[in-house]
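J.: Numbering (the numbering used here), first residue to last: 231 to 558. I'd like to ask some things about the structure below.
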């Protein structure tokens, strides 16, 4: 039964649109969240396309973070890449025309209606439906080369400061990269699990109701995780020690829509029906509402197709989840 002090809040989640002109669901939601990689090449025209995409979403608040492709939003990365281009003989003015000057891409977002570009940290919003929403945002991703936007080397031990003092809690964590062990597997890396262990540890300690991310295109999916005990059992929490797998619930993943070996004729029919329903709806709705402090809903919302998917594969669909949030 819903508490009189909580307000049901609908959230549309997407990520990794990479500057594409995609069709969004026509339904109304309370909040929309984009988890980064707004562009493919960080060009100003791509940001404008993404802002038109966000404009098409019926939501009074749209929260956005950058991804590793969006270097025009990362001042230090833009300055570094501009200097490298100049050294290789590319004119500075040509760079500015394509990628903008420092701060120019950010201004596009600051001038957009109902769109908030989030820097790393904790942010609180009073929603139009009367709820209070506290989010943690971070565009940072681990990378061996650390040559893109908002990237750090795995050994640098990035500090994801998600936890709040006292009984206050972050409701939603918005990151570009996945946590270690959850929707982080890619066929292009060895080992294939490329999520961030420091991020998982921070999530396990903070236990937000929702953690949404993208980055790994081929691992679109969602899982309702139930945590072990009231607090992490290890000094350094790991996905191998902190998750109660027996009480956790897989929601959906790409494998449910792809052909499998040894499919029967009936299996093929049912799979095709699932695909048809998914794209007709235009989104994947989740009815499960995580229990505060005990569960976290993990969602990889990458819309772009993965490198091992069929060349004619359609983009993945966004997610819509519902959370019980405190009143403002």
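Quick reminder that beta carbons are idealized off the backbone N, C-alpha and C, glycines included. Quick caveat, the model's predicted, so the values are computed rather than measured.
(1) Do you know offhand how far residue 406's Cα is from residue 295's?
(2) Would you identify the three-state DSSP class for residue 530, choosing helix, strand or coil?
(3) Can you list, in chain order, the residues of its chain whose CB lies under 6 Å from that of residue 441, leaving out five sequence neighbours each side?
(4) DSSP on residue 496, reduced to helix/strand/coil?
(5) Looking at residue 467 and residue 431, is the spacing between their C-beta atoms short of 9 Å?
(6) Given the structure, does residue 400 come close to the ligand COA, in the sense that its CB is under 8 Å from one of the ligand's heavy atoms?
(7) Going by DSSP, name the residue or residues bridged to residue 265.
(8) Helix, strand or coil for residue 233? Go by DSSP, reduced to three states.
(9) Report buried or exposed for residue 534, applying the criterion of at least 16 other Cβ atoms within 10 angstroms of its Cβ.
(10) Check whether the segment 257 to 266 and the segment 279 to 299 are in contact - that is, three or more C-beta pairs closer than 8 Å.
(11) Rounding to the nearest angstrom, what Cα-Cα distance links residue 349 and residue 369 in this structure?
(12) Residues bridged to residue 483 by DSSP?
(13) On the DSSP letters alone, give me the boundaries of the alpha helix (DSSP H) that residue 524 sits inside.
(14) Assuming residue 335 contacts residue 303 (C-beta within less than 8 Å), just tell me the rounded distance between them.
(15) Which residues in the same chain as residue 244 place their Cβ atom closer than 6 Å to its Cβ, once the five residues preceding and following it in sequence are excluded?
(16) Taking only three categories from DSSP, how would you classify residue 478?
(17) Figure out for me which residue from 400, 373, 399 has the closest Cα to the Cα of residue 388.
(18) Note down, in chain order, each residue of its chain lying with its Cβ closer than 8 Å to the Cβ of residue 558, except the 5 sequence neighbours on either side.
(19) Bridge partners for residue 516 per DSSP, in chain order?
(20) Taking Cβ positions, are residue 408 and residue 447 nearer each other than 9 Å?
(21) Mind checking whether residue 458 and residue 474 have CB atoms under 9 Å apart?
T.: With the structure as the only source:
(1) Cα to Cα, residue 406 sits roughly 8 Å from residue 295.
(2) Here residue 530 sits in strand by DSSP.
(3) Answer for residue 441: 403, 433, 526, 528, listed in chain order.
(4) Looking at residue 496 - three-state DSSP - the assignment turns out to be helix.
(5) Taking the C-beta atoms as reference points, residue 467 is found nearer than 9 Å to residue 431.
(6) Summarising the ligand content, the structure contains no ligands, and the ligand COA is consequently not present.
(7) DSSP output for residue 265 lists no bridge partner at all.
(8) Note on residue 233: pLDDT 48, under 50, position unreliable in the model; the coordinate value appears next. If DSSP states are grouped into helix, strand and coil, residue 233 belongs with coil.
(9) The residue is buried, with at least 16 neighbouring Cβ atoms inside 10 Å.
(10) Yes, since at least three Cβ pairs between the segment 257 to 266 and the segment 279 to 299 fall closer than 8 Å, the two stretches touch.
(11) Cα-Cα distance, rounded: 8 Å.
(12) Beta-bridge pairing links residue 483 to 451.
(13) No alpha helix (DSSP H) contains residue 524, which DSSP labels as neither H nor E.
(14) For residue 335 against residue 303, the beta-carbon gap comes to about 5 Å, under 8 Å, which counts as contact.
(15) Excluding sequence neighbours, residue 244 sits near 264, 531, 533, 548.
(16) Correct three-state label for residue 478: coil.
(17) Closest option to residue 388, Cα to Cα, is 373.
(18) Excluding positions up to five away in sequence, the list reads 356, 357, 360, 361, 362.
(19) DSSP output for residue 516 lists 551 as bridge partner(s).
(20) Not in contact: residue 408 and residue 447 (Cβ atoms no closer than 9 Å).
(21) A distance below 9 Å separates the beta carbons of residue 458 and residue 474.
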